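**Q** So for the sequence shown, our numbering puts the first residue at 8; every next one is plus one. Virtual Cβ for every residue (Gly too), placed ideally from N, Cα, C. Predicted, not measured: the structure shown is a model, and the values here were computed from it.
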Amino acid sequence: MSIDPAREASLDVLRAVRVDDAYANLALPIILRNRGLSGRDAAFTTELAYGALRWQGLYDAILAQCVSRDWEDVDPMTKDILRLGVHQLLGMRVPTHAAVDSTCNLAKGAGSPGGAKARAGFVNAVLRKVTERNLDQWIEYLGVDGDSEQQLAIRWSHPAWIVRALAQALGEKRSELGDLLEADNVPAKPSLVARPGRISLDEMLAIPGVEAGRWSPLAGTLVEGIPESLEEIRTGSVGVQDEGSQLVTLALSRAPITSHTNRWLDMCAGPGGKAAVLDGLAQQVGARLVAVEQHPHRAKLVSNTLGLETTAEVLTGDSAQHEWSGEFDRVLVDVPCTGLGALRRRPESRWRRKISDVSGLAPAQRSLLNAAVKAVAPGGVVAYVTCSPHFAETELVVQDICKAHPELTILDAPALLPEVTDASRGKFVQLWPHRHGTDAMFLALLQRSAE
Ligand SMILES: C[S@@+](CC[C@H](N)C(=O)[O-])C[C@H]1O[C@@H](n2cnc3c(N)ncnc32)[C@H](O)[C@@H]1O
């Protein structure tokens, strides 16, 4: 019996996520390194592990039809092994015998030797049943080829509460729900930013393997290779940053203001992606950035991202508790959120997030936006940003704060991004993975009256 190291490594990733609560994107490189996997083996491991995690909802629905007992009673490790088998069969087009045999070998080698033979027999029997239909036939068999939220949740492998929240956020564009859920299952190509003041867009686009981005005037897409191999990434003139993050930062820099403090503030700066863009833009107009981050290790990341040429000041502390006194022209408050707009980046996050996280984050989101209103100068502008389109984390927070602060005016944020089409949610910017190829970033721009 030989166990394929790439498949073993994929099982390690699933175990790390399940047992150690690891982030797959952080666990994977360590596991690959420890097992000495690179090139095609590493790519196979990544696709297998990430695919099994993303598609867990649909695969579990299929597997539940193929076991003679209740699927919930199957032990967690055997479930992981079966999900890896199903992804090879239905998601990766690995030939049937190779997928079944290698998954049975994985089952024989996993866990205590006592139960190994029985586990392998069980895995073999279940996967044989899976092979009786292809993916389309399974979808039809399960009755999930329709448009109801329940059907879409299984078809596109999302928890039902997330599907409901995304449907609400789409509003009158509800018919795009299937496209959005589908886009969450497509891994994003690394998006790059030419950090203002450090490298021009033309210089970045001259790097082999980098093509122009779709919307942002600072963006490129890495179509070949990995970001870490680029000298410009190592020196920090280029960063890895979703175009949505670039656009919301640019919109803040373009908002009309009547204050003149020449000080800008990033209240939730770690790890510093938006701060690095703001820093360059601020220097171009003679302003200076203050970047605050609560956690010391993340504040260090902000300093590293800003580099040595920066004029910005990095502070470690709680932005919500600080006594601000209206001293900033432009304030970015990129609050901690559920990240429901970035599900395509973290294959396991949809299963880890709970509906209670939304209410759990609400007080921090409100107190941070309240603090931002105190920090902005009369005539200055606050950008409230989330990488979640959830109504309760976006519009509701902004509405509540605006009710309590009549001195605020909601600016027409989409008008400040003329290069982007179809991004308005009323006066707010809402980007979408299926429509824009970005994370589902939300932006509200609030101006404090000059009086
Ligand atoms: C969504 S992330 C910000 C991402 C960042 N703007 C970027 O583009 O790289 C939120 C950050 O805010 C920090 N944070 C949360 N609450 C905070 C607070 N009260 N004061 C300062 N930082 C806070 C978190 O530690 C986290 O690093």
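(1) Any chance the CB of H165 is under 8 Å from a heavy atom of ligand 1?
(2) With H, G and I counted as helix, E and B as strand and the rest as coil, what does DSSP make of I10?
(3) DSSP state of E386, grouped into three classes?
(4) Quick one: any contact between the region 413-427 and the region 226-245, if contact means 3 or more CB pairs under 8 Å?
(5) Given that a residue counts as buried once 16 or more other Cβ atoms are within 10 Å of its Cβ, and exposed if not, what is K410?
(6) If you check the beta carbons only, do R337 and A276 fall under 9 Å apart?
(7) On the DSSP bridge assignment, give the partners of E320 in chain order.
(8) Compute every distance between the C-beta of R305 and the non-hydrogen atoms of ligand 1, then say whether any falls below 8 Å.
(9) Can you list, in chain order, the residues of its chain whose CB lies under 7 Å from that of L350, leaving out five sequence neighbours each side?
(10) Spatial neighbours of G433 within its chain, please: CB distance less than 6 Å, with the 5 preceding and 5 following residues excluded, ordered by chain position.
(11) When burial is assigned at 16 or more other CB atoms within 10 Å of the CB, is I169 buried or exposed?
(12) May I ask which residues mark the beginning and end of the alpha helix (DSSP H) holding Q158?
(13) Using 8 Å as the threshold, is the region 301-317 in touch with the region 144-157, meaning 3 or more CB pairs across them?
(14) At the level of alpha carbons, what is the spacing between W62 and L21?
(15) Within 8 Å: the Cβ of S198 and any heavy atom of ligand 1?
(16) In the DSSP output, which residue or residues are listed as bridge partners for Q437?
(17) Quick check: the region 23-34 against the region 125-141, are there 3 or more CB pairs under 8 Å?
(18) One question on the structure: do G243 and R205 come within less than 9 Å of each other, judged by their Cβ atoms?
(19) Can you tell me whether DSSP reads A219 as helix, strand or coil?
(20) Is Q301 near ligand 1, in the sense that its beta carbon is under 8 Å from a heavy atom of that ligand?
(21) Quick one: residues in its chain with C-beta nearer than 6 Å to the C-beta of D19, no 5 flanking neighbours on either side, listed in chain order?
(22) So what does F335 bridge to, in DSSP terms?
(23) Going by beta carbon distance, what residues of the same chain come within less than 8 Å of P224, once the five residues before and after it are set aside?
(24) Between L368, D273, F335, which has its C-alpha nearest P343's C-alpha?
(25) Rounded to the nearest angstrom, what separates T317 and D286 at their Cα positions?
(26) Quick one: measure Cβ to Cβ for T268 and A384, integer angstroms, because I've assumed they're closer than 8 Å.
(27) Any heavy atom of ligand 1 closer than 8 Å to the Cβ of A327?
**A** Looking at the coordinates:
(1) For H165, the shortest separation between its Cβ and any heavy atom of ligand 1 does not lie below 8 Å.
(2) Reduced to three states, the DSSP call for I10 is coil.
(3) The sequence given here places Gly at residue 386; Glu does not occur at that position. In the structure shown, G386 sits in a strand (DSSP, three-state: E or B).
(4) Touching, no, given that fewer than three Cβ pairs across the two stretches are closer than 8 Å.
(5) K410 should be labelled exposed.
(6) No.
(7) E320 pairs with V297.
(8) Yes, since a heavy atom of ligand 1 falls inside the 8 Å radius drawn around the Cβ of R305.
(9) Excluding five sequence positions before and after L350, the CB atoms of its chain that fall closer than 7 Å to its own CB belong to D191, S356, R357, given in chain order.
(10) So the list is empty, once near-sequence residues are dropped.
(11) Classification of I169: buried, given that the 10 Å Cβ count is 16 or more.
(12) Boundaries of the alpha helix (DSSP H) harbouring Q158: 156-162, taken from the DSSP string.
(13) Flag = no, the region 301-317 and the region 144-157 do not touch.
(14) Rounded to the nearest angstrom, the gap between the Cα atoms of W62 and L21 is 13 Å.
(15) No, ligand 1 has no heavy atom inside 8 Å of this Cβ.
(16) Answer is F449, bridged to Q437.
(17) The region 23-34 makes no contact with the region 125-141, as fewer than three CB pairs between them are under 8 Å.
(18) Judged by their CB atoms, G243 and R205 are nearer to each other than the 9 Å cut-off.
(19) In this structure, A219 counts as strand in the three-state DSSP scheme.
(20) Yes, since a heavy atom of ligand 1 falls inside the 8 Å radius drawn around the Cβ of Q301.
(21) Same-chain partners within the cutoff: I38.
(22) Paired residue(s): V383.
(23) The answer, listed in chain order, is L208, L257, E426.
(24) The option with the nearest alpha carbon to P343 is L368.
(25) In a straight line, the C-alpha of T317 is about 7 Å away from that of D286.
(26) Yes, T268 and A384 are in contact; Cβ-Cβ is about 5 Å, under 8 Å.
(27) Result yes, Cβ under 8 Å from ligand 1.
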